[in-house]
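Numbering (the working numbering), first residue to last: 4 to 226.
Beta carbons: idealized from backbone N, C-alpha and C, even for Gly.
This structure is a prediction, so every number in the text was calculated from the model and none was measured.
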Amino acid sequence: MSSSTKPSYVLRYFPAPGIAEPIRVLLTAAQVEWTEEHPEWPDKKNEQPYGRLPVLLEKGADGEVETTFAEGTAIIRYLARKYGFMPTDLKQATSQEQLADFINDTATAFHLRRYTSEENKEMIITKFDGMLDKVLEVSTEALRKNGSNGHFHGDKLSYADILTYCFIKHLYVQAVQFQESLPSIVTSKLALEHTKLIKAVEAEPLLQKYMESTKSLNDMVSQ
């Protein structure tokens, strides 16, 4: 697909990383034209397909909106498939999707640990700790199976690389923001394969523009 025939996009989200961060990474890696809007909230809530963000508008060559996509996971997988960051083999793609689903559930548990009641906090923290250990264990095994080259599939950037990178970075950024000790805990749990993945993603030529506009996760992990 030549650059002249590629669609352009408008991403609607809040001015924060969140679930939109993998979308930003994928749009950058796809080398398409895209902009970002931050709708007034909740004033614009009823204008979104499901009353939630993110929302992605896909425009044709004439600049007219052709399709409106909603829900972060659906948007991420659409872009990954459309621009070649999802394995074409069904089993390999499903392997990446199941990891991504567990990462999303672990991220949800991470947020619950901060906002849950004191009565349930210990239970939620225990649940998150167990899920974090499992997602790091499973991802380490998958990375090793692919040769410990910093990628989940072959030797190129893929959907699972991006999701794992954004997840680990999200833990660091959020924990630092709320002055939690989690970064040092996560660092102690990361395997060599994770640090290789972080370096591979940040060295990816397709993501040079993105890396110039954000903090380096490798620097955070190394501190």
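Exercise. With distances taken between CB atoms, is the gap from residue 61 to residue 10 smaller than 7 Å?
Worked result: If you number the sequence shown from 1, residue 61 lands on position 58. If you number the sequence shown from 1, residue 10 lands on position 7. Yes; because the gap between Cβ atoms is below 7 Å, this pair is in contact.
For this session: Could you spell out the range, first to last residue, of the beta strand (DSSP E) harbouring residue 70?
Result: Counted from its first residue, the sequence shown places residue 70 at position 67. Element bounds for residue 70: 68-73.
Problem set entry | Rounded distance between the beta-carbons of residue 63 and residue 69, thought under 8 Å | Within the sequence shown, the letter at position 66 stands for residue 69. Within the sequence shown, the letter at position 60 stands for residue 63. That pair is a contact at about 5 Å.
Exercise. DSSP on residue 38, reduced to helix/strand/coil?
Worked result: Taking the sequence shown and counting its residues from 1, the one referred to as residue 38 is at position 35. In the structure shown, residue 38 sits in a strand (DSSP, three-state: E or B).
Exercise. In whole angstroms, what separates the C-alpha of residue 96 from that of residue 199?
Worked result: As a working mapping, residue 96 is identified with position 93 in the sequence shown. As a working mapping, residue 199 is identified with position 196 in the sequence shown. Those two C-alpha atoms are separated by around 21 Å.
Problem set entry | residue 207, DSSP secondary structure in three states | Stepping through the sequence shown from its first residue, residue 207 is reached at position 204. Residue 207: coil per DSSP, three-state reduction.
For this session: Check whether the Cβ of residue 204 lies closer than 7 Å to any Cβ atom in chain D.
Result: Among the protein chains of the structure shown there is no chain D, as only one such chain exists.
For this session: Kindly indicate the opening and closing residues of the alpha helix (DSSP H) around residue 144.
Result: By one-based count along the sequence shown, residue 144 stands at place 141. Start and end: 121-148.
Exercise. What is the DSSP secondary structure of residue 11, counted as helix, strand or coil?
Worked result: On the sequence shown, residue 11 is found 8 positions in, with the first residue counted as 1. If DSSP states are grouped into helix, strand and coil, residue 11 belongs with the strands.
For this session: Indicate whether residue 20 and residue 41 have their beta-carbon atoms separated by less than 7 Å.
Result: Position 17 of the sequence shown, counted from the first residue, corresponds to residue 20. Position 38 of the sequence shown, counted from the first residue, corresponds to residue 41. Contact flag unset, no.
Problem set entry | Anticipated Cβ contact below 8 Å, residue 58 with residue 38, distance rounded | Translated into positions along the sequence shown, residue 58 becomes position 55. Translated into positions along the sequence shown, residue 38 becomes position 35. About 13 Å separates the two Cβ atoms, so there is no contact after all.
For this session: Label residue 29 either buried or exposed according to how many other C-beta atoms from any shown protein chain fall within 10 Å of its C-beta, with 16 as the threshold for buried.
Result: Numbered from its first residue, the sequence shown carries residue 29 at position 26. Label assigned to residue 29: buried.
For this session: Could you tell me if residue 78 is buried or exposed, where buried requires 16 or more neighbouring beta carbons within 10 angstroms of its beta carbon?
Result: Counting from one through the sequence shown, the residue named residue 78 turns up at place 75. Residue 78 is buried by the Cβ-count criterion.
Exercise. So, is residue 99 buried or exposed, given that buried needs 16 or more other C-beta atoms within 10 angstroms?
Worked result: Numbered from its first residue, the sequence shown carries residue 99 at position 96. Buried is the call here.
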